[in-house]
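Enquirer:
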Amino acid sequence: MRYSGFRILQQALTGHKGWTPAWRNPDPQPHYDYVIVGGGGHGLATAYYLARQFRQSRIAVLEKGWIGGGNVGRNTTIIRSNYLLDGNEPFYEFSLRLWEGLEQDFNYNAMVSQRGILNLFHSDAQRDAYIRRGNAMRLHGADAELLDRDQVRRAYPFLDFDNARFPIKGGLAQRRGGTVRHDAVAWGYARGADQRGVDIIQNCAVTGLRIENGRCTGVDTTRGVIGAGKVGVAVAGNSSRVMAMAGLRLPIESHVLQAFVSEGLKPVLPGVITFGAGHFYCSQSDKGGLVFGGDLDGYNSYAQRGNLPVIEDVAEGGMALFPGLGRVRLLRAWGGVMDMSMDGSPIIDRTPVEGLYLNGGWCYGGFKATPASGWCFAHLLATDQPHPTATAYRLDRFARGLMIDEKGVGAQPNLH
Amino acid sequence: MIINHPLLGPCDAQEFTYLGDASLLHRPDGMAEGAADAFVDYSYPRENPAGLHRELWFHEQGDRSWLVVTRDTVTHEITQVELASDVARREGRSR
Ligand SMILES: Cc1cc2nc3c(=O)[nH]c(=O)nc-3n(C[C@H](O)[C@H](O)[C@H](O)COP(=O)(O)OP(=O)(O)OC[C@H]3O[C@@H](n4cnc5c(N)ncnc54)[C@H](O)[C@@H]3O)c2cc1C
Chain S
3 MRYSGFRILQ QALTGHKGWT PAWRNPDPQP HYDYVIVGGG GHGLATAYYL ARQFRQSRIA
63 VLEKGWIGGG NVGRNTTIIR SNYLLDGNEP FYEFSLRLWE GLEQDFNYNA MVSQRGILNL
123 FHSDAQRDAY IRRGNAMRLH GADAELLDRD QVRRAYPFLD FDNARFPIKG GLAQRRGGTV
183 RHDAVAWGYA RGADQRGVDI IQNCAVTGLR IENGRCTGVD TTRGVIGAGK VGVAVAGNSS
243 RVMAMAGLRL PIESHVLQAF VSEGLKPVLP GVITFGAGHF YCSQSDKGGL VFGGDLDGYN
303 SYAQRGNLPV IEDVAEGGMA LFPGLGRVRL LRAWGGVMDM SMDGSPIIDR TPVEGLYLNG
363 GWCYGGFKAT PASGWCFAHL LATDQPHPTA TAYRLDRFAR GLMIDEKGVG AQPNLH
Chain B
2 MIINHPLLGP CDAQEFTYLG DASLLHRPDG MAEGAADAFV DYSYPRENPA GLHRELWFHE
62 QGDRSWLVVT RDTVTHEITQ VELASDVARR EGRSR
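Chains as they are written, first to last, in the working numbering: chain S, 3 to 418; chain B, 2 to 96.
(1) List the residues of chain B that S/I344 touches, going by C-beta distances under 7 Å, in chain order.
(2) So what's S/E255 in DSSP terms, helix, strand or just coil?
(3) Does any heavy atom of ligand 1 sit closer than 7 Å to the C-beta of S/W21?
(4) Mapping the DSSP letters down to three states, classify S/A335 as helix, strand or coil.
(5) Could you give the C-beta distance for S/C365 and S/M340, rounded to a whole number, given that I count them as a contact under 8 Å?
(6) From S/R329 to S/V63, what distance separates their C-alpha atoms?
(7) Could you work out which residue in S/H418, S/G412, S/N416, S/L417 is closest to B/V41 when comparing CA atoms only?
(8) Would you mind telling me which residues of chain S sit closer than 9 Å to B/T74, beta carbon to beta carbon, in chain order?
(9) Please compile the residues from chain B whose C-beta is within a distance smaller than 7 Å of the C-beta of S/P311.
(10) Report the rounded CA-to-CA distance for S/A127 versus S/K171, giving the unit in angstroms.
(11) What ranges does the alpha helix (DSSP H) occupy inside the segment 98-164 of chain S, keeping only unbroken runs of at least 4 residues that lie completely in it?
(12) Please tell me whether S/D222 and S/T209 are closer than 8 Å, where the distance is taken between their beta carbons.
(13) Under three-state DSSP, which class holds S/R402?
(14) Can you pull the chain B residues whose beta carbon is under 8 Å from the beta carbon of S/L252, in chain order?
(15) Near B/Y43, which residues of its chain fall below 6 Å by C-beta distance, leaving aside the five closest residues on each side in sequence?
(16) Among the residues of its own chain, which have a CB less than 8 Å from the CB of S/R334, if the five just before and after it don't count?
(17) Across the segment 384-394 of chain S and the segment 20-39 of chain B, are there enough close Cβ pairs to call them in contact, namely three or more that are closer than 8 Å?
(18) Classify S/S83 as helix, strand or coil using the three-state DSSP reduction.
(19) Anything in the segment 8-33 of chain B with a Cβ closer than 7 Å to a Cβ of chain S? List those residues in chain order, please.
(20) Which chain B residues are close to S/N416, counting only those with a beta carbon under 7 Å from its beta carbon?
(21) Hey, quick one: how far does the beta strand (DSSP E) through S/I203 stretch, first residue to last?
(22) Can you pull the chain C residues whose beta carbon is under 8 Å from the beta carbon of S/A238, in chain order?
(23) DSSP three-state label for S/M340, please.
(24) Hey, would you say the C-beta of S/I80 is under 7 Å away from at least one heavy atom of ligand 1?
(25) Please indicate yes or no: does the CB of S/W364 lie closer than 7 Å to some heavy atom of ligand 1?
(26) On the three-state DSSP scale, how would you describe S/C206?
(27) Less than 6 Å between C-beta atoms, sequence neighbours within five positions excluded: which residues of the same chain meet that for S/G45?
(28) Count Cβ pairs between the segment 361-375 of chain S and the segment 5-16 of chain B that sit closer than 8 Å; are there 3 or more?
(29) Opposite S/Y359 in the DSSP bridges: which residues?
(30) At which residue ranges does the segment 270-299 of chain S contain complete beta strand (DSSP E) runs of 3 or more residues, listed in the order of the chain?
(31) Does B/V41 get closer than 8 Å to chain S when you measure Cβ to Cβ?
(32) Could you check whether the Cβ of S/S347 sits closer than 8 Å to any Cβ belonging to chain B?
(33) Does the count of Cβ pairs from the segment 303-314 of chain S and the segment 223-233 of chain S closer than 8 Å reach three?
(34) The alpha helix (DSSP H) that contains S/A380, what's its start and end?
(35) Which value, in whole angstroms, describes the spacing of the CA atoms of S/G234 and S/Q55?
(36) Mapping the DSSP letters down to three states, classify B/Q15 as helix, strand or coil.
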C-alpha cells in the first residue's frame with residue numbers, strides 16, 4: 003500500500019479499517035543469496051538498498067529481538083555531516099544527501115527535520131579549531147557557517163553567555179543538520195525492503211556462523227539453520243560477539259551510552275545545540291521533550307543501562323550551558339550498547355572469512371550514517387568493491403597505520 | 002559501582018579511571034622478532050566479552066595504584082579486585 007495524503011483522507015472517511023501491516027512476518031527459508039544479521043537501521047537499510055539500488059533478490063534480515071529495539075530506537079536522533087577528516091566527511095555528506103530525499107524514496111514519513119545543529123565554542127583556540135573544521139566541510143561540499151556571539155544570542159537568548167569559566171564566544175552551524183524520528187527510520191526501511199521482497203525475520207538470533215573451507219555458507223539461528231551466499235553482519239554493539247563465532251577478534255570495545263528526555267515543554271529550542279566545554283547536547287522533540295545526552299559511562303558494558311555518576315555529569319553540563327534546565331523534570335533515561343572502535347570511526351569491509359562481511363564500529367554516531375551505511379554495505383555485498391565514499395573504512399587500517407581518529411586520542415575507545 | 006580496593010577497602014568507581022582489558026599488562030618486547038605484528042595485536046583487537054572481564058583501573062583520586070578488576074560486563078557485578086603489580090608478577094613479569 004502506498005501512503006499519501008489521499009490515502010489518509012480515504013481511510014478517514016472509511017473508519018480507518020483498510021490499513022494493512024507495514025511488513026509481512028515470514029518464516030525463514032532454507033537458503034538466501036544474502037543474509038543480513040541485525041535488524042537495526044543499518045541492517046534494514048542494507049537490505050533495502052540491496053533490493054532497490056543494486057537489484058538483488060533472495061534477501062533476509064535476521065533480528066534477534068524486534069525491529070527498532072536496538073540503538074536505532076535508543077539514540078538521540080541527530081543527523082549532521084560536520085566531520086574534519088577526509089576518510090569521514092565525504093561519507094557523512096553522502097548520508098546527509100540521502101536523508102534529504104529519503105522520505106520520498108521509501109514513501110514513509112520519517113520526520114526528517116533540518117532544523118540545524120550548532121556546536122558552541124568557548125575559547126579562541128576552540129574557535130580556530132572550528133574554523134578549520136568548517137573549512138574542511140566546505141571543501142567536501144557540505145555547508146558550514148561560523149556564527150559570532152551575537153548571532154548565537156539571537157537564536158538562543160537563554161544560554162549562559164557570560165559563564166565565568168566557559169563564556170560562549172560563538173558557534174559553528176550546519177543548517178542542513180537536524181533530527182529525524184528514529185523509529186520511523188527503522189519502520190520505513192523495513193517496509194520498503196519488505197515491499198521489494200526482503201524477508202524480515204524477527205525473534206531470530208544468530209547463534210553460530212557456518213564456515214566450510216574458509217568460506218561462510220550460512221548461519222545457525224534460534225529458528226534453524228539458514229544457508230547464505232553472503233552474510234553481512236550489522237549488529238551494532240554486538241559485533242565482537244557475532245564475529246567471535248567466526249574466530250575473529252575486532253578492534254572494538256562495547257560501551258554503554260545514556261540518553262534522557264524531559265517532560266513536554268512548549269517550543270524553546272529551535273535546533274540542536276552542543277556544549278563545547280563539557281559533555282552535553284540537546285534538542286527538542288516534536289512532542290516537546292528536551293532530548294539530551296553526554297558522555298559514555300566509560301567501561302566495557304553490555305548492559306543496556308548506565309550508572310548515576312554520568313547522569314550527574316550530564317546534568318552539570320546542561321546547567322552550565324542552559325541554567326533554565328534546572329526547573330525541568332526528567333521523564334525517562336535509558337542506555338544503549340555501542341561498538342566503540344579503536345579510532346572512533348566505523349568499519350565497512352570484507353573479513354578474512356570469504357563470504358562474511360562486517361558493518362560495525364559506529365560508536366555513538368551511527369544513526370546519522372544509517373542511509374549511507376546501508377547503501378555502502380549493499381554496494382560492497384553486491385559488487386565486492388567498496389563504495390567510493392567508504393574506502394577508508396577498512397578492517398586492516400589499524401595494522402596499516404591508517405587510522406581515522408577525529409579526536410586524536412589514540413587506541414582508547416572510551417575517549418572517542 | 003563500588004570497587005573493593007585490596008588495601009583501602011570499598012571506594013567509589015568515580016575515584017578511578019578506566020584503561021581496558023588486563024591483557025594490556027603484557028606489553029610485547031619491542032626488540033623481539035615480529036615485534037611490529039605483536040604490537041598491532043597488543044594495541045587494537047580485544048576479546049570484548051559479554052560476561053566476566055578482567056580489566057585495568059587506575060586509582061587516580063586515591064593511592065594511584067593500578068588494579069585488576071574482574072567484573073561482569075552484563076550485570077556490572079565486581080567479583081575480584083587485585084593489585085595489578087601482584088597479578089603482573091604472578092603472570093611472569095619481573096615487576
Ligand atoms: C544513547 C544513544 C544516543 C545516540 N545518539 C546518536 C545521535 O544523536 N546521532 C547519531 O548519529 N548516532 C547516535 N547514536 C548511535 C546510533 O544509535 C548507532 O550507531 C546506530 O543506531 C547503530 O546501528 P543500528 O541502527 O543498525 O543498530 P541497532 O538498532 O542496535 O541494530 C543492531 C541489531 O542487531 C541485533 N542483533 C545483535 N546480535 C544479534 C544476533 N546474534 N542475531 C540477530 N540479531 C542480532 C540487535 O538486536 C539489534 O536490533 C546513539 C546511540 C546511543 C546508544
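For every residue, glycine included, the Cβ atom is placed at its ideal position computed from N, Cα and C. As the structure is a computational prediction, the values presented were derived from the model and not from experiment.
Expert: This is what the structure gives:
(1) The sequence given here places Met at residue 344 of chain S; Ile does not occur at that position. Simply Y45.
(2) Three-state DSSP puts S/E255 in a strand.
(3) False, no ligand heavy atom lies under 7 Å from that Cβ.
(4) Residue state, collapsed to three classes: strand.
(5) Contact flag correct, Cβ pair sits at about 6 Å.
(6) Whole-angstrom Cα-Cα distance: 44 Å.
(7) With distances taken between Cα atoms, B/V41 lies closest to S/G412.
(8) The contacting residues are S256, Y301, N302, S303, Y304, A305.
(9) Those are Q15, listed as they occur along chain B.
(10) Cα atoms of S/A127 and S/K171: separation of roughly 11 Å, rounded to the nearest angstrom.
(11) Within the segment 98-164 of chain S, the complete alpha helix (DSSP H) runs of at least 4 residues are 126-141, 151-157.
(12) Going by C-beta atoms, S/D222 is nearer than 8 Å to S/T209.
(13) Three-state DSSP puts S/R402 in a helix.
(14) Those are P46, R47, N49, listed as they occur along chain B.
(15) The answer, listed in chain order, is P29.
(16) Once the five neighbours on either side are set aside, the close Cβ partners of S/R334 are F262, V263.
(17) With fewer than three CB-CB distances shorter than 8 Å, the segment 384-394 of chain S does not count as touching the segment 20-39 of chain B.
(18) When secondary structure is reduced to three states using DSSP, S/S83 falls in the coil class, being assigned neither helix nor strand.
(19) If the cut-off is 7 Å between Cβ atoms, the segment 8-33 of chain B has Q15, Y19, G21 near chain S.
(20) The contacting residues are Y19.
(21) For S/I203, the enclosing beta strand (DSSP E) stretches over residues 201-203.
(22) Here chain C cannot be found, since the structure's protein chains are S and B.
(23) DSSP places S/M340 in strand when its eight states are reduced to three.
(24) It does: the Cβ of S/I80 is within 7 Å (strictly closer) of some heavy atom of ligand 1.
(25) Result yes, Cβ under 7 Å from ligand 1.
(26) DSSP, read as helix, strand or coil, puts S/C206 in coil.
(27) Non-local C-beta neighbours of S/G45 in its own chain, meaning closer than 6 Å and more than five positions away in sequence, comprise I38, V63, A236, ordered along the chain.
(28) Under the 8 Å Cβ criterion, the segment 361-375 of chain S does not count as touching the segment 5-16 of chain B, having fewer than three qualifying pairs.
(29) Beta-bridge partners of S/Y359 (DSSP): S/G234, S/R352.
(30) For the beta strand (DSSP E) assignment, the uninterrupted runs of no fewer than 3 residues enclosed by the segment 270-299 of chain S are, from N- to C-terminal side, 274-276, 283-286.
(31) Interface criterion met: the Cβ of B/V41 is under 8 Å from a Cβ in chain S.
(32) Nearest CB-CB separation between S/S347 and chain B: not below the 8 Å threshold.
(33) As far as the Cβ criterion goes, the segment 303-314 of chain S does not touch the segment 223-233 of chain S, which means the pair count is below three.
(34) From DSSP, the alpha helix (DSSP H) with S/A380 extends over 372-385.
(35) Going by C-alpha positions, S/G234 is about 17 Å away from S/Q55.
(36) Helix at B/Q15.
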